[in-house]
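Residue numbers (my numbering): 81 to 606. Don't be surprised by glycine CBs; every beta carbon is placed ideally from N, CA and C. The model shown is predicted, which means the values in this text are computed figures rather than measured ones. Working notes, structure below.
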């Protein structure tokens, strides 16, 4: 097992310097103006001549093998990625053509773009005069969820509008912006796509095109749907329909370089990724095989076609962490092969879909985000839920980010029947909360998840326990005992295991007896 970071420090410095010369000014992204400490964090900075096509999760080069004489259609040319398209090329659906790369890989780990995050994808591109706008779709960039039948969320396309060649951006079915194409051909132009990933109420995009120092278009659109399922995976290249009626289709190409991906955040470190090969896992009703190409490691696992066949990996985390699990698989049938995913026996994904891929040699991924892992070893199991069994499983990629403890001071919470005091020493912050001696008094904290552990710091100078009921978002999680600490100036802690998902939540401690609660100093979530 090899542990990797998504972007090494040295590469980050080099990439940031290169990006500064080519990219637009980094600024406050859509919907993040209040995050004063946040900044753009470089996560991906491939150079074609150094990283080659290994910078991408997959290369869809004539996947129908329609034009062997023209292969490879996608390759490195100097420091550029080149995409060739010939009139005779056909995709697996023969009414269209596709020569694309998909996804982003850094130091062997897939880059995961998840719901609620804000990303900026930038690159330079050269559109020759032979690559023309058409009356149907000619996409040169897309964002999609993994899967062969998923529709794109965002497309950057070359399309004719009233006979005029345009370059356009469409997000969630809404046209974000248009620019004349012809003045941008046969030269290098700079592209930025900034997106907040979300449904139509939270999704936003910003699209910027630059011709040297000239801003061709800089447009922002909010209230657009930029999310479908699983995760967001970008694609670059040429994907076009053969239904054009303008006579614009001909042999052509596209050049791209200086590709960069930035995540907006307040100094959060990149996740640490570890790959676990399927052939090294525990197999129940299945076998290791290597009769299909494209796998990693020494083979893949073909599970038996029965309900209950499973594969189980033992994974590790250095500390309590939030993890992303990415399963690489192939399904050459025409039917979904769902599997239950459990961690240490707890179900985290019910009948996770493993949709068909183009064939058994074509590999795709399914991703589960927001998985909590304890420190040390954990068992990750995928179990077939239908008589068809599971897909062929290649490997599991586990990316972990340590859960950082966050303090919430009681004096800043909502208090019902109690007061903020500072009479007794040893508290943290500006004081503590002394609840009234009555059942039902409470202290309610506005917290942000995810969290698996709650630590309450308190003092109880009496000789009797002062229990309180813990609830999250109005749902009781049981009673918490606050035993005597010997004096009001002696502070202690109580720890409780909880399960709080991502986002905003309310956490309330309510006194259970007529004695009220203890003096509450703070809570800590991790």
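Boundaries of the beta strand (DSSP E) in which residue 457 is found, first to last residue: Here the beta strand (DSSP E) through residue 457 covers 456–464.
Local Cβ density within 10 Å of residue 173, reported as buried at 16 or more and exposed below that: It counts as exposed.
Rounded C-alpha distance that separates residue 427 from residue 586: A direct Cα-to-Cα measurement between residue 427 and residue 586 gives close to 25 Å.
First and last residue of the uninterrupted beta strand (DSSP E) at residue 157: For residue 157, the enclosing beta strand (DSSP E) covers residues 154–157.
Continuous alpha helix (DSSP H) stretch holding residue 129: start and end: For residue 129, the uninterrupted alpha helix (DSSP H) run begins and ends at 128–131, by DSSP.
Test item: CB-CB of residue 478 and residue 354 under 9 Å: Going by C-beta atoms, residue 478 is nearer than 9 Å to residue 354.
Sufficient close CB pairs (3 or more, under 8 Å) joining the segment 233–251 to the segment 206–220: Touching, yes, given that three or more Cβ pairs across the two stretches are closer than 8 Å.
Where the beta strand (DSSP E) containing residue 339 begins and where it ends: Per DSSP, residue 339 belongs to the beta strand (DSSP E) from 332–345.
Minimum C-alpha distance to residue 419 - residue among 507, 390, 345 and 270: Considering only alpha carbons, the answer is 390.
Three or more C-beta pairs below 8 Å linking the segment 502–514 and the segment 396–410: The answer is no - the segment 396–410 does not touch the segment 502–514, with fewer than three Cβ pairs under 8 Å.
Straight-line gap, residue 108 to residue 344 (C-alpha atoms, nearest Å): Any reading at residue 108 is ruled out, since the residue's pLDDT is 48, under 50, leaving its predicted position unreliable.
Beta-carbon proximity list for residue 278, same chain, < 7 Å, skipping 5 on both sides: Cβ neighbours of residue 278 within its own chain (closer than 7 Å, five residues either side excluded): 195, 196, 306 and 307.
Assumed close pair residue 333, residue 208 - CB separation to whole angstroms, cut-off 8 Å: That pair is a contact at about 6 Å.
DSSP state of residue 89 mapped onto helix, strand, coil: For residue 89, the pLDDT reaches just 35, beneath the cut-off of 50, and the residue's location in the model is therefore unreliable, although a value from the coordinates is still provided. Helix.
7 Å CB neighbourhood of residue 201 in its chain, flanking five on each side removed: Around residue 201: 273, 314 and 341.
Sufficient close CB pairs (3 or more, under 8 Å) joining the segment 465–479 to the segment 399–414: At 8 Å Cβ cutoff, the stretches touch.
Whether residue 179 touches residue 164 by CB criterion (9 Å): Yes, these two residues count as a Cβ contact at 9 Å.
Assigned exposure category for residue 503 - 16 Cβ within 10 Å defines buried: Residue burial is scored here from C-beta neighbours: residue 503 has fewer than 16 other C-beta atoms within 10 angstroms and is therefore classed as exposed.
Between the CA atoms of residue 142 and residue 149 - distance to the nearest angstrom: If you take the alpha carbons of residue 149 and residue 142, they lie about 11 Å apart.
Straight-line gap, residue 537 to residue 561 (C-alpha atoms, nearest Å): A direct Cα-to-Cα measurement between residue 537 and residue 561 gives close to 12 Å.
Spatial distance of residue 321 from residue 432 (CA atoms): If you draw a straight line from the Cα of residue 321 to the Cα of residue 432, it is about 32 Å long.
Segment limits, beta strand (DSSP E) that includes residue 598: Going by DSSP, residue 598 is part of no beta strand (DSSP E) at all; its letter is neither H nor E.
Integer-rounded CB distance, given that residue 126 should sit under 8 Å from residue 135: That belief holds up - the Cβ atoms of residue 135 and residue 126 are roughly 4 Å apart, short of 8 Å.
Boundaries (first-last residue) of the beta strand (DSSP E) holding residue 554: Neither: residue 554 is in no beta strand (DSSP E) and is coded neither H nor E.
Continuous beta strand (DSSP E) assignments of at least 3 residues falling wholly in the segment 364–390: Runs found: 366–369 and 380–383.
Straight-line gap, residue 564 to residue 601 (C-alpha atoms, nearest Å): Taking the straight line joining both Cα atoms gives about 15 Å.
Residue 228 (DSSP reduced to helix, strand or coil): In the structure shown, residue 228 sits in coil (DSSP, three-state: anything other than H, G, I, E or B).
N- and C-terminal bounds of the beta strand (DSSP E) containing residue 259: Membership of residue 259 in the beta strand (DSSP E) is indicated by the continuous run 254–260.
Residue 591 classed as buried or exposed, judged by whether at least 16 other C-beta atoms fall within 10 angstroms: Residue 591 is buried by the Cβ-count criterion.
Euclidean distance between Cα positions of residue 384 and residue 363: When rounded, the separation of the alpha-carbon atoms in residue 384 and residue 363 is 10 Å.
Identity of the residue in 161, 153, 284 and 182 nearest residue 169 by Cα: When C-alpha distances from residue 169 are compared across 161, 153, 284 and 182, the shortest belongs to 153.
C-alpha distance - residue 464 paired with residue 453, whole-angstrom precision: Their backbone Cα atoms lie some 23 Å apart in a straight line.
Option nearest residue 579 by Cα separation, candidates 596, 184, 606 and 594: When only C-alpha atoms are compared, the closest one is 606.
Separation of residue 534 from residue 459, as counted between CA atoms: For residue 459 and residue 534, the distance between alpha carbons rounds to 24 Å.
Member of 483, 296, 304 and 351 whose CA lies at the smallest distance from the CA of residue 123: Nearest C-alpha to residue 123: 351.
Inter-residue spacing [alpha-carbon to alpha-carbon] between residue 404 and residue 429: Distance between the alpha carbons of residue 404 and residue 429: 12 Å.
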